[in-house]
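Engineer: Sharing a structure here in structure tokens format.
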Amino acid sequence: MNPGFEGLHPYPFEKLQALKDGATPPEALSHIALSIGEPRHATPSIISESVLAHLHHLSSYPATRGLGELRQAIVDWLNNRFDLPYGSLSTGKNVLPVNGTREALFAFAQAMIDPAARSLVLMPNPFYQIYEGAALLAGAEPHYLNCDEQNGFIPDFEAVDAATWERCRILYLCSPGNPTGAVTGMQTLQTLIELAHRHDFIIASDECYSEIYFDEERPPAGLLQAAAEMGNDSYSNCIVFHSLSKRSNAPGLRSGFVAGDARILDAFFRYRTYHGCAMPLHHQAASSVAWRDEKHVQENRALYRAKFDAVLDMLGGSMEVERPDAGFYLWPRTPVAETEFARRLYAEHNVTVLPGSFLSRETAAGNPGKNRVRMALVAPLEECVEAAQRIKTCVESC
């Protein structure tokens with residue numbers, strides 16, 4: 089048995105179910121789930137129609153590297169979205185389709201970690217639980233970097249000492265952040281790239297929320313963009329992960345990609361040829377269509393803007409909550425302990441949110457998820473407004 093299993097925590101939603109056990113919400117109130125970050129807007133018809141049109145490919149094995157058409161669509165999207173130098177990305181060397189970022193983020197650590205090296209994997213705290221599990225099962229030690237309000241919910245990278253950077257093999261970033269919605273700025277990204285070169289570690293940047301933001305003129309910066317602007321157009325030590333799940337409301341398509349340093353991707357590709365995880369051809373065809381269309385993405389952002397406007401207008405006077413930089417989560421402070429608040433909200437108002445402590449770990453500086461909950465504004469506008477009214481009532485009774 090892999091010894092890393094011993095360090096695995098129950099997944100946050102297992103903890104949430106245990107917290108809710110025994111609570112009986114009012115039957116008159118329909119349940120509203122704000123706990124799971126699963127997009128619930130309609131999947132664009134251009135995607136579903138493309139899947140159906142290419143079902144005849146079920147008779148063929150897909151290649152690990154993916155269709156040239158898809159890889160070209162990905163390169164074109166990256167170039168346009170992040171203003172990358174033309175020709176700096178090769179479809180044959182710098183991009184690799186994957187079955188969603190969750191699978192790739194986990195597999196990446198398995199391919200890159202030498203279990204005998206006693207490596208560290210650095211990650212934000214709170215964090216997407218895959219980072220921790222990937223580190224443990226690869227034989228590395230997770231190292232948590234608290235994301236506190238005082239630092240804009242971005243880790244204080246300046247407080248990390250040289251010895252820690254020397255042991256670091258992978259730095260997982262998440263920008264925009266889950267659950268905070270904080271965006272890591274260009275200067276910070278470039279400082280991290282310099283550190284990665286100096287101490288020889290890989291930056292694995294999870295950018296799956298990068299296309300959900302509020303100002304159409306100010307999209308979040310990306311790691312490859314930061315590298316190119318500092319003259320690193322080979323993207324050395326830089327790997328990004330993108331997905332259609334949030335951008336295109338297609339979580340069931342299980343479609344994303346990894347891009348960046350060709351040397352690293354060559355090794356990851358070789359790992360994946362054994363891993364047996366090629367994307368189905370009809371999913372690849374639909375993904376090509378999705379990456380080439382921005383109209384549905386703009387419409388998606390408009391739907392989220394409307395929900396944030398309505399919910400924040402209702403909650404602003406009753407609890408400590410702010411609009412995030414990007415993403416579709418709220419990260420409010422609770423008037424009582426986050427677990428007590430979440431259980432009361434469910435038991436008395438039939439609304440489910442996720443306690444922040446379930447997404448974070450205790451460190452010497454404390455638990456940054458304490459007295460906070462994650463609210464995913466993925467439900468339709470009417471449900472989000474109804475949930476906000478119930479939350480407000482709950483806060484006022486605490």
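Residue 442 in my numbering sits at position 354 of the sequence shown, and the numbers go up by one each step.
The C-beta atom is built at its ideal place from N, Cα and C for all residues, glycine as well.
(1) Return helix, strand or coil for residue 234, following the three-state DSSP convention.
(2) Kindly indicate the opening and closing residues of the beta strand (DSSP E) around residue 377.
(3) Restricting to runs no shorter than 3 residues, where is the beta strand (DSSP E) found entirely within the stretch 417-469?
(4) Relative to the C-alpha of residue 316, which candidate in 307, 308, 326 has its C-alpha closest?
(5) For residue 143, which residues from the same chain have a beta carbon less than 7 Å from its beta carbon, with the 5 sequence-adjacent residues on both sides left out?
(6) Suppose only complete runs of 4+ residues qualify. What are the alpha helix (DSSP H) ranges in the stretch 305-345, listed by chain order?
(7) Once the 5 residues before and after residue 393 are set aside, which same chain residues still bring their CB inside 8 Å of it?
(8) Which residue comes first and which comes last in the beta strand (DSSP E) that contains residue 211?
(9) So, residue 420 versus residue 478, is the Cβ gap smaller than 8 Å?
(10) Could you check how far apart the C-beta atoms of residue 270 and residue 413 are, in whole angstroms? I think they sit under 8 Å.
(11) Can you tell me whether DSSP reads residue 294 as helix, strand or coil?
(12) Per the contact definition of three or more C-beta pairs closer than 8 Å, is the stretch 198-210 in contact with the stretch 255-265?
(13) If contact is defined by three or more beta carbon pairs under 8 Å, each pair taking one atom from either stretch, is the stretch 378-390 in contact with the stretch 234-247?
(14) What do you get for residue 288, buried or exposed, if any count of 16 or more other CB atoms within 10 angstroms of its CB means buried?
(15) Taking the alpha carbon of residue 241 as the reference point, which residue from 272, 298, 99 has its own alpha carbon closest?
(16) Can you list the beta strand (DSSP E) stretches of 3 or more residues lying completely in the stretch 254-288, in chain order?
(17) Between which two residues does the beta strand (DSSP E) holding residue 183 run?
(18) Counting C-beta neighbours from all protein chains within 10 Å, is the total for residue 483 16 or more, i.e. buried, or is it exposed?
(19) Could you check how far apart the C-beta atoms of residue 446 and residue 103 are, in whole angstroms? I think they sit under 8 Å.
(20) Rounded to the nearest angstrom, what separates residue 152 and residue 185 at their Cα positions?
(21) What did DSSP end up calling residue 301 once you bin it into helix, strand or coil?
(22) If you drop the 5 nearest sequence neighbours on each side, which residues of the same chain put their C-beta closer than 6 Å to that of residue 296?
(23) Return the CA-CA distance between residue 39 and residue 191, expressed in angstroms with no decimal places.
(24) Among 454, 347, 415, 216, which has the Cα closest to the Cα of residue 465?
(25) Return the residue from the list 157, 401, 300, 348 that minimises the CA-CA distance to residue 377.
(26) In three-state terms, what does DSSP make of residue 56?
(27) Per DSSP, what kind of secondary structure is residue 228 in: helix, strand or coil?
(28) Kindly list the residues whose CB is nearer than 7 Å to the CB of residue 348, restricted to its own chain and excluding five residues on each side of it in sequence; keep chain order.
(29) With distances taken Cα to Cα, identify the nearest neighbour of residue 450 among 147, 213, 204.
(30) If we count the other Cβ atoms within 10 Å of its Cβ and call it buried at 16 or more, is residue 98 buried or exposed?
(31) Going by beta-carbon coordinates alone, are residue 308 and residue 126 separated by less than 8 Å?
(32) Going by DSSP, what residue range makes up the alpha helix (DSSP H) through residue 384?
(33) For residue 111, name the three-state secondary structure that DSSP assigns.
(34) Report yes or no: do the stretch 163-176 and the stretch 129-138 share at least 3 C-beta pairs separated by less than 8 Å?
(35) Look up residue 162 in the DSSP assignment and say whether it is helix, strand or coil.
(36) Just tell me which of 473, 281, 161, 291 has its CA closest to the CA of residue 404.
Structural biologist: With the given structure in hand:
(1) Here residue 234 sits in strand by DSSP.
(2) From DSSP, residue 377 is part of no beta strand (DSSP E) but of the alpha helix (DSSP H) over 369-379.
(3) Complete beta strand (DSSP E) runs here, min 3: 461-464.
(4) The shortest Cα separation from residue 316 among 307, 308, 326 belongs to 326.
(5) If we look at residue 143 and ignore the five residues flanking it on each side, its Cβ neighbours are 370.
(6) Complete alpha helix (DSSP H) runs here, min 4: 311-317, 332-335.
(7) If we look at residue 393 and ignore the five residues flanking it on each side, its Cβ neighbours are 302.
(8) Note, residue 211: beta strand (DSSP E), 208-213.
(9) Contact flag unset, no.
(10) Their Cβ separation, rounded to whole angstroms, is 6 Å, which keeps residue 270 and residue 413 in contact under 8 Å.
(11) It is a strand residue.
(12) A contact between stretches requires three or more CB pairs, one per stretch, nearer than 8 Å, and the stretch 255-265 meets this requirement with the stretch 198-210.
(13) Three or more Cβ pairs closer than 8 Å define a contact, and the stretch 234-247 falls short of that threshold against the stretch 378-390.
(14) Under a 10 Å Cβ-count criterion, residue 288 is classified as exposed, with fewer than 16 other Cβ atoms of the shown protein chains found around its own Cβ.
(15) With distances taken between Cα atoms, residue 241 lies closest to 272.
(16) Fully enclosed beta strand (DSSP E) runs of 3 or longer: 256-262.
(17) Element bounds for residue 183: 183-186.
(18) Under this definition residue 483 is a buried residue.
(19) Right, their Cβ atoms sit about 5 Å apart.
(20) Linking residue 152 to residue 185 through their CA atoms gives a straight-line distance of about 8 Å.
(21) Strand, per DSSP.
(22) Only residues of its own chain outside the window of five on either side were considered, and among them 189, 331, 334 have a CB closer than 6 Å to the CB of residue 296, listed in chain order.
(23) For the chain, the structure presents residues 89 to 486; residue 39 sits outside this window and is missing.
(24) Considering only 454, 347, 415, 216, the residue with the shortest C-alpha distance to residue 465 is 415.
(25) Of the listed residues, the one whose Cα sits closest to residue 377 is 157.
(26) Nothing about residue 56 can be read from this structure; the chain reaches only from 89 to 486.
(27) The answer is coil: DSSP assigns residue 228 none of H, G, I, E or B.
(28) Here the set comprises 182, 312, 323, 326, 327, 328.
(29) The option with the nearest alpha carbon to residue 450 is 213.
(30) So residue 98 counts as exposed.
(31) No, Cβ-Cβ distance for residue 308 and residue 126 is not below 8 Å.
(32) It spans 383-403 - the alpha helix (DSSP H) in which residue 384 sits, taken as one unbroken run.
(33) Taken through DSSP and simplified to helix, strand or coil, residue 111 comes out as coil.
(34) They do not touch, by the three-pair rule.
(35) Residue 162: helix per DSSP, three-state reduction.
(36) Closest by alpha carbon: 473.
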